[in-house]
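>
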Amino acid sequence: MTSTDLPETALGGDTAPGSPAPGAVADRRRWLALAIVMTAAFMDLVDVTIVNIAIPSIERDAGATFSQIQWITAGYALAFAAGLVTGGRLGDIHGRKRLFLIGVAGFTVASALCGFAVNPEMLVASRILQGAMAAMMVPQVLSIVHATFPAHERGKVFGLFGAIVGLGAVSGPLLGALLTEWNLFGLEWRPIFLINLPVGVVALILGRRFISESKAPRALKLDLVGVALVTLGLLMLLYPLTRGRELGWPLWGYLSMAGSLAVFAALVAYEKRKTARDGSPLIELSLFKVKSFAAGIAVQTVFGVALGIFFLVWTLYMQIGLGWRPLHAGLTGVPFSIAVSAAAGMSVQLLVPRFGRKVLQAGALVMALGVLLYIWESDRYGMHIHSWQMALPLVVMGAGMGFIVAPLTDAVLSEVPREHSGSASGLINTVQQMGNALGLGLVSVLFFGEIGDRLTRDQVGPAFVHAFQHALGWVAAVMIVIFLLMFALPKKPAQHVEGAGDETDSPERVTGEDHAEGGDRAQGEGRAQGEGRAEGEDEGEEQDRKPEFVG
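Under the numbering used here, the first residue of the sequence shown carries the number 1, and numbering increases by one thereafter.
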């Protein structure tokens, strides 16, 4: 497909033969549209990574309990994961530009509410709203790219998109550290959210002018019941996990977690009926008949759990346990981000085409090795550890993660029928977010469960160091499980490169769900690198049993 095959609305005006001016205008308009949607995607990714570094500041300044801290990070991911597919379908039905602008406006308003939150409960609720608005905005980004750029140009576009994603993953923690450290106007952590306001306003103004509208001619129907069942099941599982320790593990918590299994069973039964009735389920259950896809979904979920655990406890370990300032902690993570980016590029371009699945399995083992190195160094140096001593395990961990995150989506999609690739990709991104939320819920058990309720100031640091080592032991075990699950992936994954296939695809054929194939892969990589921070889905409330200083 060439640029002349695009509809008039995608090109931004008439395309009379022999008239070069409209073509130049069209080219300028679509690249401006690309810059706008990438800016919005960058804003989402930075917001995902920026919060983690400010968590200790929020805990001190806002008086947030540990349970509320988990919900501040997890609430965003739960809302994002639950609304992702629905957001894409709403764009197909009502127009991608319209839903993108609604998402940007909502995200900007939610950011303002976060920044001006008067208490932790308001911050948790605002973060959940922010995640829901991101679920409206993010699916439209890549659908707009599909509808605006011909297939032969998408490889270049997604390469640029991947670079932006990597920049967001690296810059988020540093930007968060600087804004927190500077304490602008005495606002403490609040500027990490307020910085989204000018970006969102500019994206709205320019988006209205330069983004062209597009819809899917055969858009699937919404599956709101499916979304409700997924959300209910996750809440019934995660809420008791998050609050159970502080409440003394009451009976209702165990009943709720057991009941979540019944809700998920009801979800499967409902999706089967909906598939037979109108062919537009939230989850395409037939995909799970493909062994590599089912195994890949398991890998993505478990990998999300590992990331959810690691990044939150890592932040708490450095800033509360070791007493480091936000900028110190943010700079400590730079070698990790660089290693992820370098290994990701190497794995896709050089290693996977030659060694296939072994690269992903080596990544799981290398990451496990890095985690064990970190545990050893943390135990050896205790409270006196320095950033440079953390560099080796962080580089090893980052390299292992890079070997996994970049090629994993292609490996999972290798044996999926092409007509289901969009649905499959959207589901991959969704379950990774849900796994991340589950990992954040488990932090209450694996990390806070190792910290005593009444600690003197001298006991806080060693207690956090011990809890960090304990949680990392579980992360290493999870990586071994991932290694074993990867045996079900294809030995030589096919490369799903955007634009390399069907050149005759009309942009209108691409649904909102199809945003995932190619570009979603890049966005998933960026989230995996930076969002490790603390996304999941939890709502805060009440009081946590946070260590009480009695000394």
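All residues carry an ideal CB built from backbone N, CA and C; glycine is no exception.
(1) Taking only the alpha-carbon atoms, compute the straight-line gap between Phe42 and Ile428 and give it to the nearest angstrom.
(2) If we ignore side chains and look at the alpha-carbon of each, how far apart do Met397 and Phe116 end up?
(3) Would you mind sorting Gln432 into buried or exposed? The rule is 16 or more other CB atoms within 10 Å of its CB.
(4) For Ile53 versus Thr315, is the C-beta spacing smaller than 9 Å?
(5) Does the distance from the CB of Val615 to the CB of Tyr374 come in under 9 Å?
(6) Leu45: which of Ala64, Ser57 and Phe107 sits nearest, CA to CA?
(7) Relative to the alpha-carbon of Gly363, which residue among Asp379, Ser378, Val340 and Trp376 has its alpha-carbon at the smallest distance?
(8) Under 9 Å between the Cβ atoms of Glu188 and Phe66?
(9) Is it true that the CB of Ala147 sits closer than 9 Å to the CB of Gly330?
(10) For Ser214, does the three-state DSSP call read helix, strand or coil?
(11) Which whole-angstrom value describes the C-beta separation of Val109 and Thr430, a residue pair presumed to lie in contact below a C-beta threshold of 8 Å?
(12) Do you know offhand how far His496's Cα is from Leu322's?
(13) Quick check on the burial criterion: 16 or more other C-beta atoms within 10 angstroms. Buried or exposed for Pro198?
(14) Run through DSSP, which three-state label would Pro17 get?
(15) Given Glu181, which residues of its chain have a CB within under 8 Å of its CB, disregarding the five upstream and five downstream residues?
(16) Would you mind stating whether Gly426 and Pro139 have Cβ atoms separated by less than 9 Å?
(17) If you follow the alpha helix (DSSP H) that His386 is in, where does it begin and where does it stop?
(18) Rounded to whole angstroms, what is the Cα-Cα separation between Thr332 and Gly63?
(19) Provide the residue span of the alpha helix (DSSP H) that contains Lys274, from first to last.
(20) Take Asn119 as the anchor and find which of Leu160, Ala82, Gly441 and Arg190 has the nearest alpha-carbon.
(21) What residue does the alpha helix (DSSP H) around Ala81 start on, and which one ends it?
(22) When DSSP labels each residue in this structure, what does His59 get in the three-state scheme?
(23) What separation, rounded to the nearest whole angstrom, lies between the Cα atoms of Val412 and Ser292?
(24) What's the gap between the Cα of Ile55 and the Cα of Met257?
(25) For Val141, which residues from the same chain have a beta carbon less than 6 Å from its beta carbon, with the 5 sequence-adjacent residues on both sides left out?
(26) If you measure between the beta carbons of Gly259 and Pro250, is that distance less than 9 Å?
(27) Exposed or buried, what is Tyr254 when buried is set at 16 or more other beta-carbons lying within 10 Å of its beta-carbon?
(28) Contact defined as beta carbons within less than 8 Å: I believe Leu123 pairs with Ala437. What is the distance between those atoms, to the nearest angstrom?
(29) When you compare only the Cα positions, how much space is there between Asn183 and Arg60?
(30) Exposed or buried, which one is Gly83 when buried takes at least 16 other CB atoms within 10 Å?
(31) Taking the straight line between their C-alpha atoms, what separation do you get for Leu287 and Pro281?
(32) I need the DSSP call for Lys97, collapsed to helix, strand or coil.
(33) Compare the Cα-Cα distances from Gly473 to each of Phe483, Trp376, Met137 and Gly382 and report the closest residue.
(34) What would DSSP say about Phe448, mapped onto helix, strand or coil?
(35) Between Phe310, Gln349 and Pro490, which lies nearest to Gly370 when the distance is taken from Cα to Cα?
(36) For a test of the three-state rule: what should DSSP assign to Phe116, helix, strand or coil?
Put simply:
(1) 20 Å
(2) 36 Å
(3) By the Cβ-count criterion, Gln432 is buried, with 16 or more other Cβ atoms from all chains shown falling within 10 Å of its own Cβ.
(4) yes
(5) Because residue 615 is not part of the residues shown, which for the chain are 1 to 551, the question remains open.
(6) Ranking Ala64, Ser57 and Phe107 by Cα distance to Leu45 puts Phe107 first.
(7) Val340
(8) no
(9) Judged by beta-carbon spacing, Ala147 lies beyond the 9 Å limit of Gly330, meaning their Cβ atoms are not closer than that value.
(10) Taken through DSSP and simplified to helix, strand or coil, Ser214 comes out as coil.
(11) Taking the Cβ atoms as the reference, Val109 lies roughly 24 Å from Thr430, outside the contact range of under 8 Å.
(12) Residue confidence is low: His496 scores 45 on pLDDT, short of 50, so the model does not pin down where it sits. Its coordinate-derived value is still stated next. The alpha-carbon separation between His496 and Leu322 amounts to approximately 44 Å.
(13) exposed
(14) Only weak support exists for where Pro17 lies, its pLDDT of 39 falling under 50; the value from the coordinates is given anyway. Of the three classes helix, strand and coil, the one that applies to Pro17 here is coil, per DSSP.
(15) Arg325, Pro326 and Leu327
(16) yes
(17) It is not in any alpha helix (DSSP H) - His386 carries neither H nor E in the DSSP assignment.
(18) 26 Å
(19) Leu251 to Asp278
(20) Arg190
(21) Phe66 to His94
(22) His is not the amino acid found at residue 59; the sequence shown has Glu there. DSSP places Glu59 in helix when its eight states are reduced to three.
(23) Approximately 6 Å between the Cα atoms of the pair.
(24) 27 Å
(25) Val37 and Ala41
(26) No, these two residues do not count as a Cβ contact at 9 Å.
(27) exposed
(28) Not really, about 17 Å apart at Cβ, beyond 8 Å.
(29) Roughly 13 Å separates the two Cα atoms.
(30) buried
(31) 12 Å
(32) helix
(33) The residue from Phe483, Trp376, Met137 and Gly382 with its alpha-carbon nearest to that of Gly473 is Trp376.
(34) helix
(35) Phe310
(36) Coil at Phe116, not helix or strand.
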